[in-house]
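Working notes, beginning with the structure itself.
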Amino acid sequence: MSSDLTVFGGPALARVDSEAVLRSALQMGRCAQSLRTAGQRAMKCAWESERLAAERFSARAFPSARLSPVDGGDGAGGDGSVGGSGRVGSPGICNPDDDIQARIRAHRYQLFAQDARVVARQLSAQAEQADGLALALRKAAGLYQQSESLAHRAVGGLSTLVGGTLGFQVARLARPSARVALAGHLAASPGVVPILTGATTSVRWLLGRNTARQSGSPVTPSARVPPARVDRTGHQPSTAGPTRDMRSLFQNVYAAMSPYLDEVLAGLGAGIALVHPRQSGGDLSLRGGAQVLSHGLDAMLPDSWITTTPVSTPRTIQGGHLPASWVLSGSPPGSIEESLARVNDMYPNPKNHIPGRMPAGTPEASIGVQRLTQSDGGVTWQVLIPGTQSWLPTSHPFDGKADIDMVAAQHGTVPEIATGVSAALTHAGAKPHEPVVLVGHSLGGIAATAIASTPQFTDRFTVGGVVTAGAPVATLATKPGIPVVHVEHTQDLVTMADGKPAHGNPRTDDRVTISRSLASSDNPRDQADASKIDREHMMPGYLRTVAEAKQSGNYQAEQVIGRVEELLGGESGEISFYTLARVPACFTG
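Quick note on numbering: the sequence shown equals residues 811 to 1399 in this note's numbering.
And the structure:
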C-alpha cells in the first residue's frame, strides 16, 4: 500500500458514526479470535502428524530394522542375535514392500505436519493483525466520541450562555414592581383573552395540532371549514403549501436544536435566578429560576385550596361507547405498560388514542386510585396521574402553574396534586402499611416523583414504587429503597424542562432511566412520531420504548421494573376516580 496516496474532492463526510466504528472493532476482534482458534487447531494437526510419522519410523513399527544379516535358516545370527530364516514373508522377517509403503506414509505425515505448522503461523500472524486493527478501531471510535463530546459540551456551554443571557434580560424587564403593574394592566385590559388565545393558537399551529376544540361541543357555523373545491381533474387543490413548508422548517430547526435545548433551558433558569437571588434562594439553576416564576404567579393569582371530589360513575364516551374495559372490570394492570396506558386513557380527550383502547370516561383533572388484592390477601394500591390539561392558570391543578411549582419545589414542600392524592387514598381506604405505586405521565410524572419524597405524604402512606413517562424529574430526589422507573425520549421537549438530558437523572440501585431516540429507530411508527414535536411526548411511543427495554434484557432495567411489577399484579382490583379542583381560599370558609 502506498503511504503517499492522497485524495481530494468527492462526496464530503458529514460525520463519523462512532457506534458503527465500535461495532466494527468488536467484529474485528471476533475475527481475530476465530483466526487464533484456527491456528491452534492447525498446530494440533501438525503435532498429531509428527507423532504418527515418528511411530512409522519406530523399531516397533519396522521390525526389519532390528534383523541381523540373513546368514542362516535357524533364525540365529553369527553373533547370537535373533534373526530370520532368510526368506521373504516368513515369520520374523518384515516384508520389504510393506516397509517401503510405511516409510512413504510417514514421510507424507511429516510433510503434512510442516504444512500445518506454516498455516498455523500464518493464522496466528493474521490474528495479531486483526487484533491490532480492532485496537486501532476502538481508539478511533474513542477519539471520535471524545471529539463529539467536546464539541457537544462546547455548543452546550454556548447554549447555556445564550439561555442565561436571555433569562437575565427577561428577568430584568420583569422586576417585582413591573410584574404588579403588568398584573393590574392585564386584569383591566379587555384584550387579554384574545391575545392569550391568539398566542395559544400560534403555538398549537407550530406544533401541527388541530386548533379546533376537542371537547365534543358543536362547532359554531363561523368556525366550520368550507367544503374543499375540486378542480376539473377531480383533484383537490393544495392550499397548505406555505403552511406545510413553515411547519417543516420549524421541525427541522427544532430537530437541530433539540440536543441543546436542555442547556438553553438551564441557562434561562440561571439567568432569571441571578436577577432575583432572594426569591431563588441563591439557587442559580433551572429550579431557582422556576422558584422566581412561581413567586411571580403567586403574587398575581389569589390564594387557593385543592378539593377532591369522588366521581360516582365514569360518563359514557362520545358516540355511546362504554368506558375502557379495565374501568368496568377493575382488573389489575400487571405491568408498567398497562399502568401507563391507563394513565393515557384518563385524559378527557387525548389527541392520539392508543389503538384498540377506549378512554376511561372520567372528567377533566381526574386521578385514578385502584385497590389491588393479592392472592395472599395482601393489598397494594395504584394511583394514576395524567399530565397537563391546560397551560394557563385554571380552576384545577393540572395546568402550567402546577408544572412550574413542582419544578421549583424543594424537599419538604407539598405539591397541590399531592394534597388531592392523599385525600383520594384516604377516602378509598388505603392503610399506612399498604404499598402505593404512583404512575404519571408528563406533569403527572413530576407529581408522582415529588409526592414520593414529600414527608407529609410518606408519613401517612408507604410508597411502593414510582413510574413516569415523559416527565422532567432530574431535579427531584427519591428515597433509597423505593424502585423508580423513568422513561424519556431524547427529543421530547417536555423532558428537557428540568435543564438536563436523560443521563442527568439521579442514578441509584433503585432508580433507573430508560431513554430512547425515536428518530434513530427503524420502526416506521417511531419515525412518524419523531417527525412531529408533540408526538414525541405521546404515550404510544413510550409504551414501545418500555417494551423494547424489556426485550433488550438490560439487567438494571429488568431488576427495577420487576420490583415495581410485583406490586401491580393481584387477583382482583377495584378502581375509584376523583376530580381535583383549585378553589379560591375565600370560598372555602
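The beta carbon of each residue, even a glycine, is placed where N, CA and C say it ideally should be.
Around the beta carbon of Glu1174, 16 or more other beta carbons sit within 10 angstroms, so the residue counts as buried.
Setting aside the 5 residues that flank it on each side, Asp1113 is surrounded in the same chain by Ala1395, each with a C-beta closer than 6 Å to its C-beta; the list follows chain order. If you look at Pro1120, you'll find it in the beta strand (DSSP E) that goes Ser1114 to Val1121. Its Cα nearest to that of Gly1098, the residue Ala1218 stands out among Gly1188, Asn1159, Pro1158 and Ala1218. In this chain, the beta strand (DSSP E) harbouring Ile1177 covers Ser1176 to Thr1183. Glu858 and Gln843 have their C-alpha atoms some 23 Å from each other. Taken in chain order, the unbroken stretches of alpha helix (DSSP H) that lie wholly in the segment 1198-1231 and span 4 residues or more are 1210-1218. Within the segment 1302-1372, the complete beta strand (DSSP E) runs of at least 3 residues fall at 1321-1326. Sequence-distant Cβ neighbours of Ala930 in its own chain, meaning closer than 6 Å and more than five residues away, are Gly849, Ala852 and Met853. Secondary structure of Arg1125 (DSSP, three-state): coil. When the five nearest sequence neighbours on each side are left out, the beta carbons in the same chain lying within less than 6 Å of the beta carbon of Thr1119 are those of Thr1389, in order along the chain. Pro1225 sits buried, since 16 or more C-beta atoms from the chains shown fall within 10 Å of its C-beta.
Between Tyr1352 and the set Thr1323, Gln1369, Glu1375 and Tyr1365, the nearest pair of CA atoms involves Thr1323.
Thr1204 and Pro1124 have their C-alpha atoms spaced approximately 23 Å apart. With a cutoff of 7 Å on beta-carbon distance, Gly1254 and Ile1195 are scored as near each other. Between Ala1257 and Val1249, the alpha-carbon positions lie close to 9 Å from each other. In the structure shown, the three-state DSSP call for Leu1378 is coil. A Cβ-Cβ contact shorter than 7 Å links Thr1272 with Pro1245. For Ser1252, the closest alpha carbon among the candidates Val1153, Met1110, Trp1115 and Leu862 is that of Val1153. For Ser1386, the secondary structure class from DSSP, reduced to helix, strand or coil, is strand. Three or more beta-carbon pairs separated by less than 8 Å are not found between the segment 1330-1342 and the segment 1133-1148, which leaves the two stretches without contact. Distances from the CA of Glu1346 to each of Arg1373, Gly1379, Gln1301 and His1237 were compared; the closest alpha carbon is that of Gln1301.
In this structure, Pro1282 and Asp1308 form a Cβ contact; the two beta carbons are roughly 4 Å apart against a cut-off of 8 Å. Across the structure, Val1231 and Val1193 are spaced so that their CA atoms are roughly 8 Å apart. Straight-line measurement puts the Cα of Gln936 at about 37 Å from the Cα of Gln911. In this structure, the alpha-carbon of Gln1366 lies about 21 Å from that of Glu1148. In the displayed model, Val1276 falls within a strand according to three-state DSSP.
Apart from sequence neighbours up to five positions away, the residues of its chain that approach Arg1167 with a beta-carbon distance below 7 Å are Ala1134, Ala1151 and Asp1155, ordered along the chain. Going by DSSP, Leu1194 is part of no alpha helix (DSSP H) but of the beta strand (DSSP E) stretching over Val1189 to Ile1195. Between Ala944 and Ala835, the C-beta gap is smaller than 7 Å, which places the two residues in contact. Rounded to the nearest whole angstrom, the CA to CA distance from Gly1171 to Thr1117 is 20 Å.
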